[in-house]
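Colleague:
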Amino acid sequence: MPLPYLFDVALPLTNPVVKFLLILVIILIAPLLLNKLKIPHLLGLIIAGAVVGPNGFNLIERDSSIILSGTAGLLYIMFLAGLEIDLVDFKKNSGKSLVFGLYTFIIPMTLGTLTGLYVLKFSGLTSVLLASMFASHTLIAYPLVSKLGVAKNKAVNVTVGGTMITDTLALLVLAVVVGMTSGEVNAQFWVRLTLSILAFGLTVMLLFPIIGRWFLRRFDDNVSQYIFVLVMVFLGAALAELAGIEAIIGAFLSGLALNRLIPHTSPLMNRIEFVGNAIFIPFFLIGVGMLIDYRAFFSDLDTLWVGTVMIVVATSAKFLAAWLTQQTYGFSLDERRLIFGLSNAQAAATLAAVLVGYNIILGETAAGAPIRLLDETVLNGTILMILFTCTMASFVAQKGAKNIALAEAGDAVGEEEEHQERILIPISNVETTDELINLGITVKSRNNKDGLYALSIVDNTAAGNSGNTKAKKILHKAAVTASATDTPLHELLRYDLNIANGIISVVKEQRISDLILGLHVKKDISDTFLGNLTEGILTKCNTTTLIYKPYQPFATVQRHVVIIPADAEKEIGFPFWLVKVWNIARNSGAKLVFYGPADTLEYLRGVQAKHPVHAEFNAFDDWDDFLVLTREIQKNDNLIIVMSRREHPSFQSSMVKVPYYLNKYFADKSFILVYPIQIGVTDDAGIDFRNPTMLEPFEKLDEIGKTIASLFRRK
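Heads up: the sequence shown runs through residues 1263 to 1977, numbered per the working numbering.
1) When you compare only the Cα positions, how much space is there between Lys1416 and Lys1872?
2) With C-beta atoms as the reference, is Ser1528 less than 8 Å away from Thr1747?
3) If you run the structure through DSSP and keep just helix, strand and coil, what is Thr1570?
4) By Cβ distance below 8 Å, which residues in the same chain neighbour Ala1272 in space, the five residues on each side in sequence not counted?
5) Tell me, which residues are paired with Glu1753 by DSSP?
6) If we call anything under 8 Å between Cβ atoms a contact, is Leu1686 one with Asp1721?
7) Which residue or residues does DSSP assign as beta-bridge partners of Phe1856?
8) Starting from the C-beta of Thr1805, find all residues in its chain whose C-beta is less than 7 Å away, skip the five residues before and the five after it, and write them out in chain order.
9) Terminal residues of the continuous alpha helix (DSSP H) containing Leu2022?
10) Give me the Cβ distance between His1394 and Ala1334, rounded to the nearest whole Å; I'm assuming they're in contact under 8 Å.
11) With DSSP run on the structure shown, which of helix, strand or coil describes Thr1806?
12) Report the option in Leu1275, Val1537, His1526 whose CA atom is closest to the CA atom of Ile1703.
13) For Ala1500, which option in Val1287, Val1491, Gly1512, Asn1691 has the closest C-alpha, if you only look at C-alpha atoms?
14) Quick check: what's the CA-CA separation for Val1616 versus Ser1458?
15) Apply the 10 Å Cβ neighbour rule to Asn1484 and answer buried if 16 or more other Cβ atoms are within range, or exposed otherwise.
16) Would you call the CB atoms of Thr1651 and Thr1577 closer than 8 Å?
17) What did DSSP end up calling Val1904 once you bin it into helix, strand or coil?
18) Is the region 1358-1378 close to the region 1627-1635, with three or more CB pairs under 8 Å?
19) Mind checking whether Leu1337 and Phe1496 have CB atoms under 8 Å apart?
20) Would you mind giving the Cβ-Cβ distance between Asp1596 and Gly1506, rounded to the nearest angstrom? I have them listed as a contact below 8 Å.
21) Please state whether DSSP places Arg1557 in a helix, a strand or coil.
22) Count the C-beta pairs between the region 1412-1431 and the region 1471-1482 that are closer than 8 Å, then say yes if the count reaches three, no if not.
23) Just to confirm, is the Cβ distance from Ala1543 to Pro1405 under 8 Å?
24) Should the region 1825-1835 be regarded as contacting the region 1906-1925, the criterion being three or more beta carbon pairs within less than 8 Å?
25) Three-state secondary structure (DSSP) at Tyr1221?
26) Starting from the N-terminal side, write out each stretch of the alpha helix (DSSP H) that is 4 residues or longer and does not extend beyond the region 1339-1400.
27) Give the range of the alpha helix (DSSP H) segment to which Gly1463 is assigned.
28) Pick out whichever of Val1869, Asn1845, Gln1896, Val1823 has its Cα sitting closest to the Cα of Gly1858.
29) Between the beta-carbon of Ile1301 and the beta-carbon of Gly1549, is there less than 8 Å?
30) Using three-state DSSP, classify Pro1688 as helix, strand or coil.
31) If we ignore side chains and look at the alpha-carbon of each, how far apart do Tyr1715 and Leu1935 end up?
32) May I ask you to report which of helix, strand or coil DSSP gives Gly1676?
33) Asp1886 lies in the alpha helix (DSSP H); which residues open and close that run?
34) In terms of residues, what are the limits of the beta strand (DSSP E) holding Pro1632?
35) Suppose contacts are defined by Cβ-Cβ distances below 8 Å. Is Phe1985 in contact with Met1340 by that definition?
36) By the 10 Å Cβ neighbour count, where 16 or more other Cβ atoms means buried, how is Pro1837 classified, buried or exposed?
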């Protein structure tokens, strides 16, 4: 490459290396500087795009590479919104989302149409198209809300659901207006549009999960999984455009379709968020900034007038929709701020509408100038509206999200001292290490930032150094797996004559509260094996113990079938294992199917009412007829069987047959055996007896509820 080309300083920059370097510097520096000024970094990236763009210092041209990366960033935002949404809350709040979606569509459409007709003196079609621009919005503040940890707040859930509704309706208005200008709106137009949208929606929501589960079960390579996710995002976007609607709807539905296959605590989810927030989304924000032309605001008073009117109407309409939603459902002030902040920003669908309207030429003036459906004043006014609404949305959403995050953090103060969660995972096999660590990450509480331990035990009588090397290698693999989810892992290496003794000693030394033991996927579970564990560990470690045999990747499990014995609620460890199971549902999105006695199910329904997850409850109390459950088990199910030590309230004599049943009838299923904390076990290190309600077996729902409530507040 010639030397002069490398140092070409002509503007705009043409050297791809220098262009990419400049963009990376902006992505790096803008958040650091603006954080000191208490300004949302999203706004900083938009402003930076305006400064370096063609209407600023003209350092970078808004060429195809910027448009391509920006489009990917926009689709990424919508995909993340669908992926991170709590589907149980989404279904529970679907009515609220519908109401908010109609509020935030009808109010801007009404105000916008009237404003276009009577204030700006536009034609009917132009006024309707202008109003549809006000009705749509972009979740530009969603990454900020997600970063502050309140993405699962009910107000966010309602807003994300409402966004899909209002954007779909607004983009349908755009399609109809375009059709009317070309004279294509007839019965055939409506039939074709309806059928194509139905075909698109059914394909994404029904076929994508099947494809995703098939792929993730068979390929565990990190890069392949991530590329597969990107393929599904853009495939959904392409199918949406094929159906006649905007690509952002396809990206959002792709996120919903893959939601249950990508647990929120998984390494894959961490990679998706990391790449999106580091590269794709910043490119989109910088690209939006490049559209801003400050000179147009001052060189043309008509543009300033139209832009001001658009800002006032769009902001007022979105605020009114948020306020009505707050009044209708009793949301707090900060939740209203979240709704308004997320729904006020105009960018993606607004840009699509204004560019389509600008390119529709209705005729010519006497001087030969084109008469456009949306003229230059509306185009430039739209850019001004985008800048203003994105600025306001960022500030308002940040304020609401920060206040809610601080309130949630305040509720958890001091709770960690009541029952500090420490999860120990003994590992000895490379093949099962990833699944064991992933299970530990899935069941741990949200506020447990430093309580995950991996243990490898070396026989101190073995000759040579091979055992030590192997143990360190396995521990390193466990640490890498945990770090992929930004979870710190304590690596413990211990020398001992006996594995059981080594585990017991570490449980005492580290005050372990939960123990996860693994079985090799190809190894049978036998009566002798269970007996050794019972004698060696379970009788001396009073911890919530999970014995896990993975058969398929945990993320691809469709249902967790939980089998509970009678009187399980009378064990002091009942709330502790129950919260672990509840966390599995919350973090994986899979359905819980409970089988247990009517009395126990009544307790579970009480928990479900206050802490909803996707769950089903079925009566079952005859463990002598355990095999009747084989008719209920489906292909992608994981069994969770709650066991008991002998001579305790929930012990069933048929439990001794469980290993035989698992070997013979459930060999092709993953399973978890749960041994709860129980009174009378030799070692009580894992229990905090400062809470007097934990000294006696639970007999009343409200007694269980107190402990469960304190645990769930930390989840």
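Here a beta-carbon is modelled for each residue, glycine too, at the ideal position from N, C-alpha and C.
A quick note: this is a predicted structure, and the numbers were derived from the prediction, not measured.
Modeller: Inspection of the coordinates gives the following:
1) 14 Å
2) yes
3) In the three-state reduction of the DSSP assignment, Thr1570 falls in the helix class.
4) none
5) Ala1716
6) no
7) For Phe1856, which the question treats as bridged, DSSP gives the partners Val1824, Phe1879.
8) Correct list, in chain order: Val1769, Ile1774, Ser1775, Asp1776, Leu1777, Ile1939, Gly1948.
9) The structure shown has nothing for residue 2022, since the chain only spans 1263 to 1977.
10) Checking the sequence shown, residue 1394 turns out to be Ser, not His. No, Ser1394 and Ala1334 are not in contact; Cβ-Cβ is about 25 Å, not under 8 Å.
11) Thr1806 falls in the strand class under three-state DSSP.
12) His1526
13) Gly1512
14) 24 Å
15) exposed
16) yes
17) strand
18) Too few Cβ pairs lie closer than 8 Å, so no.
19) yes
20) Contact doesn't hold; Cβ gap of about 38 Å is too wide.
21) helix
22) no
23) Correcting the residue identity first, residue 1543 is Ile in this sequence and not Ala. Taking C-beta atoms as the reference points, Ile1543 and Pro1405 count as a pair closer than 8 Å.
24) With the cut-off at 8 Å, the region 1825-1835 and the region 1906-1925 touch.
25) Because the chain is modelled from 1263 through 1977, residue 1221 falls outside the range shown and cannot be assessed.
26) 1349-1354, 1356-1380, 1386-1397
27) 1449-1464
28) Val1823
29) no
30) strand
31) 20 Å
32) With a pLDDT of 44 at Gly1676, under the threshold of 50, the modelled position of that residue is not reliable, and no figure is offered here.
33) Note, Asp1886: premise wrong, no alpha helix (DSSP H); not H, not E.
34) 1632-1634
35) The first residue shown for the chain is 1263 and the last is 1977, placing residue 1985 beyond what the model contains.
36) buried
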